[in-house]
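Numbering of the sequence shown is given in full-length UniProt numbering, commencing with residue 1 and proceeding in unit increments.
Each remark here refers to the structure printed beneath this line.
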Amino acid sequence: MKELQHLNKYFVKYKYRFLLGIIITIIAQIFMLFTPKLISKSFKAIEDFNNQNISSEIIKGQLIENILLIIGTALIAGILTFLMRQTLIVMSRHVEFDLKNEVFKHYEVLDQNFYKRNRTGDLMNRISEDVSRVRMYVGPAVMYTINTLIRFTVVIIYMYNVSPRLTLYTILPLPILSYIIFKLSKEINKRSTIFQQYLSKVSSFTQEIFSGIRVVKAYSLEKQHQDNMIDLANESKTKSMNLAKVQSLFGPLMIALIGISNLVVIYFGGVMYINGSIESIGTIAEFILYVNMLTWPVASIGWVSSLVQEAEASQKRINEFLKIEPEIKNKATNRTEIKGNIEFKNVSFTYDDTNIQALENISFTVKKGETLAILGKTGSGKSTILSLITRLYHVKEGKITIDGNQIDNVNLFDLRNSIGIVPQDAFLFSDSIKNNIKFGKENATDDEIIKVAQQAVVHENIIQFNKQYETILGERGITLSGGQKQRVSIARAIIKNPEILLFDDCLSAVDTETEEQILNNLFEISKDKTTIIVSHRVSSAKNADKIIILEDGKIIQEGSHNQLVNQEGYYAELYLKQLSEKELN
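Right under this line is the structure:
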């Protein structure tokens, strides 16, 4: 139960609903206990009729009165039970809502390294399957536990008042029940944890295959992945069956123990009636009803115990992530006005997961209104610079300043809100083109959307679709071509009208003519903004105020286009190579 203590704050939050549910449960149990007492009175009345020659009309009147009272109290108990469920089960839905939001909010603040270490399917499983299992603890498990405790307490008190000795005989099987529950619960907890782990593996596997289905089909690997899925599903099924085998023992054991209790009542109650220890045969009937009233609570103990063990296993998996502290934290308490002056001072960076040094002793300055172009071979560290500016990673060596302030001391929300970034891998959501562009500015008007689409040279493509800007894209924007996705991403970035624009090789999938149009528009847009362009093409860099060339994480050349093109080195070689390719085309 240690892991489930995380949920106590929600019980406190919904304490009034919780307390109301307990009060309704107590009242409901009291009304349910009228039935055995009324039946006992009915038996007593019939015995009095036989022994004392009381008028049959009087006895009939008493029986009719008892029947009406039984019906009335049963209806009241039923209504109260309904209200109990409405109170406690609805509370569990509120907790489920809050817990999912807590997990999702925590996912959002975790850093890039976390997402590199964990698979998407596993993350999804914890926020869906695991939270649902925890909800079963907060709702049904808690409700039936309260119901069982109150019913046991009230029923035992009633039984004891009628016959202490017969009560003792009746509850004799309960210690055996407690021992069995303890042993089975430990096994359920262990097997439930293993099953949840395999469920996450299945979710992760299927999510990756569905996301990469085009590659799977292109390589004709459907059969191989189907076989892998069957193997994984069979392993998951085995773990599920192992769990189900243990859970299935609860029901029969509970029923058997209740049956034994009934036999005990009948035998010892009969002996006590013969000996005169109890006055009426109705007492035996009353005790049998009491025992049967305990049938479902006792039988539910196993089910509830199973729910609790599964919930604890799931909450443990949830807590594992909730306890992870993000490396990137917002240290600034005050809002920060971002102007756009960026400076790197002797910055070195190594990725923790691969231990690869991406940058070594990098220093440069970009002032507001300037454009910096970064060129270099694949893996030279270009994208890493952009990731450090947006604080997706933490700088451990060197110093990055924004407007003279160390980047760690700048309000993280203000920093990222002032940046418009077009990543190398253009990611679009499965939504309309309009909403994908508005993602950069939620309150953007249609005119603003069209304007930025024209500046990104994608407007003409969009209006050719049947639904134009309302066209719904497939997952990750699969409906669009690579170049169209990049241009929609550019429109999404510039609609924010940010102080800093970061373009990470975002024109690699467009032709040179379209690239020229976009670059001309971007240089017009970025006149008063800080702009950094990462590219493999000289055409994207030639109009920049500054150009730096990276190789193995180091700056090997820097200067303007005119300076670098007249120097021996990477830039001049690249310029001549791309110029000759253009002439050939």
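Beta carbons: idealized from backbone N, C-alpha and C, even for Gly.
- Within the DSSP bridge table, the entry for Q464 names no partner.
- Around S526, the same chain offers T371 and L501 as residues with beta carbons nearer than 7 Å, after the five sequence neighbours per side are excluded.
- Going by beta carbons, I402 and N341 fall inside the 8 Å limit.
- Short of 7 Å from the beta carbon of Q484, and not among the five residues preceding or following it, lie these beta carbons of its own chain, in chain order: V458 and N461.
- It is roughly 31 Å from the alpha-carbon of A444 to the alpha-carbon of S539.
- Taking the C-beta atoms as reference points, I437 is found no nearer than 8 Å to R487.
- Rounded to the nearest whole angstrom, the CA to CA distance from E187 to D552 is 54 Å.
- Inclusion of D111 and P297 in the CB contact set at 8 Å is not warranted, their separation being larger than that value.
- Here N562 carries a helix assignment [DSSP, helix/strand/coil].
- From the listed residues L386, R117 and H6, the smallest Cα separation to G420 is found for L386.
- Per DSSP, reduced to three states, the secondary structure at L428 is coil, with no helix or strand assignment.
- The beta carbon of F465 is closer than 7 Å to those of T471 in its chain, skipping five residues each way along the sequence.
- The beta carbon of K434 sits closer than 7 Å to those of I449, Y469 and E470, all from its chain and outside the five residues before and after it, given in chain order.
- A direct Cα-to-Cα measurement between F18 and L4 gives close to 17 Å.
- Every unbroken stretch of the alpha helix (DSSP H) spanning 4 or more residues and falling wholly within the stretch 380-455 is given here in chain order: 382-389, 412-417, 433-438 and 446-455.
- DSSP, read as helix, strand or coil, puts L480 in coil.
- DSSP places V154 within a helical segment (H, G or I) once states are collapsed to three.
- Per DSSP, the beta-bridge partners of I374 are V534 and I548.
- The way I'd put it, the stretch 144-157 doesn't touch the stretch 93-104; fewer than three beta-carbon pairs between them come closer than 8 Å.
- At a cut-off of 4 residues, not a single continuous stretch assigned as alpha helix (DSSP H) sits fully inside the stretch 223-248.
- The alpha helix (DSSP H) runs of length 4 or more contained entirely in the stretch 264-305 are, from start to end of the chain, 281-293.
- Inter-segment contact for the stretch 507-522 and the stretch 320-335 is absent: fewer than three beta-carbon pairs are separated by less than 8 Å.
- In this structure L257 is in contact with I176, their Cβ atoms being roughly 7 Å apart against a cut-off of 8 Å.
- Take the alpha-carbon of Q557 and the one of L564: they are about 8 Å apart.
- Between S489 and V534, the C-beta gap is not smaller than 8 Å, which leaves the two residues out of contact.
- Scanning N275, R133 and V291 for the CA closest to the CA of L172 turns up V291.
- In this structure, L7 is the residue among Y144, L7, G78 and Q309 with its C-alpha nearest to the C-alpha of H94.
- The C-alpha of F287 is placed about 10 Å away from the C-alpha of Y160.
- The alpha-carbon of I213 is positioned some 17 Å away from that of G482.
- In the three-state reduction of the DSSP assignment, K367 falls in the coil class.
- Look at K577 here: in three-state DSSP terms it is helix.
- Taken through DSSP and simplified to helix, strand or coil, V347 comes out as strand.
- In the structure shown, E325 adopts coil according to DSSP, grouped into three states.
- Bridge pairing for K554: E551 [DSSP].
- Under the DSSP assignment, I518 falls in the alpha helix (DSSP H) whose first and last residues are T512 to I525.
- For L123, the enclosing alpha helix (DSSP H) covers residues T120 to N125.
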